[in-house]
Amino acid sequence: MRTASRFVIVIIFLGVVLGGIFGYKFYEFGQMQEMFSQPQPPAIISVTDATTENWQPSIKAVGSVNAINGIEVANEVPGVIESINFESGDTVQKGDVLIRLDAAIDEAALRTRRAEAQLAEQEFKRVSDLLPKRAVSQSQYDEAKANYDAARARVNEAEAQLSKKVIRAPFDGTLGIRMVDQGQYLPTGTPIVEINMLNPIYVDYTLSEKYLPEVDRGYPVTVTVAAVPDEAFSGEVSAINTSVNPETRTVRIRATLNNEDGKLRPGMFATIQTGQPRDNEVVTVPRTAISYNTYGNFVFAVKENDDGELVVERRTVNTGEVRNERAAVLSGLESGETVVAKGLLRLRAGQRVEIQDESGREASE
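Just so it is clear: in the sequence shown, position 239 is 273 by the working numbering, and no numbers are missing.
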């Protein structure tokens, strides 16, 4: 009897405890349902208007910066450096002396050739004076003249050989780093210094053959490089290759740019926008107003529902190029429509919103 009473008491106690627990949980669930059933406060957003802008159509490509003239200066004849007349980084004019090679042997050879030419000249003059008197034959006169001409040619050859001992700047430009030292022996073709003409400067790039009808000489180009990311360089198309590469089906384009400040250097990687001499009207919004997604890009347009409340509507859009942090919307949005300017991740379709005051409204530029 005692055991049964104790069992009953335990059962009643467990029932009271479990009932209290379940009752409390049921009360919490009811409170949560009541909280969720209450309308959510509207999200505070900043908005902007889709605007129509005139954008010049352009074709984007990548290429390289190249000097109009750029070479490694080298010697045509071997020799030992006698003097170096430049410093690394100098700006030089065409014909400026860069280095002189030891020319003692060539100077001696030139003196010999000049002496031989002088003797041949005297002999030729003597024969010339005797020919009218028929003291010499015509063949002797011809031989003397030939010897004189050959002697003069040998002098010219020696002078040309001697001139090659002086290496001069082949054109106006800026020198690179000197690659030789005083007294060094230079075999033929030894690189001495790099020289580049930096202003103006070329940008070479390629375009698909399908763009060939849309590019012509004189079309404007805008170039950007990683070394100067915040600056765009303007120029124009100066040449188009006459053939299309049969392997890549691309055509080579060359643009010429002003480079007075020397910010562009040969070998730089460049991004090129080739413009066309016409404008297109496009609908644009700030880039932050678009959510870029692998399943399609979208914006949140701000609309009024049947109750007169502002809500957001998810709108799939087809986007184009981006310029100055504004993106072109090719379809899915009309000019003048109001869209959420930023903070799209915290919104959902149909959510009530409230536009912050005009000081926070983003103007369309």
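Every residue gets a Cβ at the ideal spot worked out from N, C-alpha and C, and that includes glycine.
Based on the DSSP output, what are the partners of residue i in its beta bridges?
i: V40; result: Note on residue identity: the sequence assigns Arg, not Val, to residue 40. Partner(s): none; R40 has no beta bridge.
i: L298; result: Answer by DSSP bridge pairing: none, since L298 is not bridged.
i: G113; result: L220
i: K94; result: Q307
i: E470; result: The question about residue 470 has no answer, for the chain in this structure spans 35 to 399.
i: E270; result: P254 and T290
i: L132; result: In DSSP, L132 forms no bridge with anything.
i: Y326; result: DSSP output for Y326 lists no bridge partner at all.
i: V249; result: DSSP, once it has assigned bridges, lists no residue as partnering V249.
i: P320; result: R360
i: F60; result: BP columns for F60 are empty, so no partner.
i: R349; result: V333
i: R202; result: V131
i: E157; result: DSSP output for E157 lists no bridge partner at all.
i: V285; result: L241
i: V170; result: V170 pairs with nothing; no bridge assigned.
Taking DSSP as the reference, what is the three-state secondary structure of residue i?
i: L291; result: strand
i: P47; result: The amino acid occupying residue 47 in the given sequence is Phe; Pro does not appear at that position. Here F47 sits in helix by DSSP.
i: S197; result: helix
i: S80; result: coil
i: V126; result: strand
i: S242; result: strand
i: S398; result: Any reading at S398 must be qualified, since the residue scores a pLDDT of 41, below 50, and its modelled position is unreliable; the value itself is stated next. Three-state result, S398: coil.
i: G366; result: coil
i: S393; result: Bear in mind that the predicted position of S393 carries a pLDDT of just 42, short of 50, making it unreliable; the figure below should be weighed with that in mind. Here S393 sits in helix by DSSP.
i: G54; result: helix
i: I226; result: strand
i: R386; result: strand
i: I102; result: coil
i: N233; result: coil
i: V189; result: helix
i: I211; result: coil
i: Y180; result: The sequence shown places Ala at residue 180, not Tyr. If DSSP states are grouped into helix, strand and coil, A180 belongs with the helices.
i: T276; result: coil
i: D264; result: strand
i: E121; result: coil
i: V375; result: For clarity, residue 375 is Ala in the given sequence; the question names Val instead. Coil at A375, not helix or strand.
i: A108; result: strand
Taking 8 Å as the cut-off, decide whether the C-beta atoms of residue i and residue j are in contact.
i: E368; j: A77; result: no
i: I274; j: V249; result: yes
i: S268; j: R251; result: no
i: I324; j: V336; result: no
i: T222; j: E141; result: no
i: A180; j: G129; result: no
i: L132; j: N119; result: yes
i: M302; j: A261; result: yes
i: R360; j: P320; result: yes
i: A154; j: A185; result: yes
i: A383; j: E338; result: no
i: N1; j: T353; result: Residue 1 lies beyond the residue range present for the chain, which begins at 35 and ends at 399; the question has no answer from this structure.
i: L220; j: I115; result: yes
i: R212; j: E150; result: no
i: A453; j: T322; result: Here the chain covers residues 35 to 399 and nothing more, so residue 453 does not appear.
i: R160; j: A192; result: no
i: I45; j: V387; result: no
i: G113; j: K199; result: yes
So the candidates are the options; which of them puts its Cα closest to the Cα of residue i?
i: V99; options: G49, P112, R148 and R299; result: R299
i: I287; options: Q307, G301 and D295; result: Q307
i: E315; options: A260, V161, R349 and P91; result: P91
i: M231; options: E355, S80 and I102; result: I102
i: S122; options: G49, Y58 and I226; result: I226
i: A95; options: S365, G366, E355 and T372; result: E355
i: I105; options: S173, Q172, L209 and S117; result: L209
i: D176; options: P166, A169, S162 and K167; result: S162
i: G207; options: G53, T125 and Q152; result: T125
i: G370; options: D341, I93 and V81; result: V81
Any chance the CB of residue i is under 7 Å from a heavy atom of the ligand NAP?
i: A169; result: Absence of the ligand NAP is noted for the structure shown, with no ligands found whatsoever.
Whole-angstrom Cβ separation of residue i and residue j, contact assumed at under 8 Å?
i: E404; j: T290; result: An answer regarding residue 404 cannot be provided, because it is not within the stretch 35 to 399 covered by the chain.
i: I235; j: V107; result: 19 Å between Cβ atoms; not a contact.
Is residue i close to chain D? Criterion is C-beta to C-beta, closer than 8 Å.
i: V111; result: Of the chains in the structure shown, none is chain D; there is only one protein chain.
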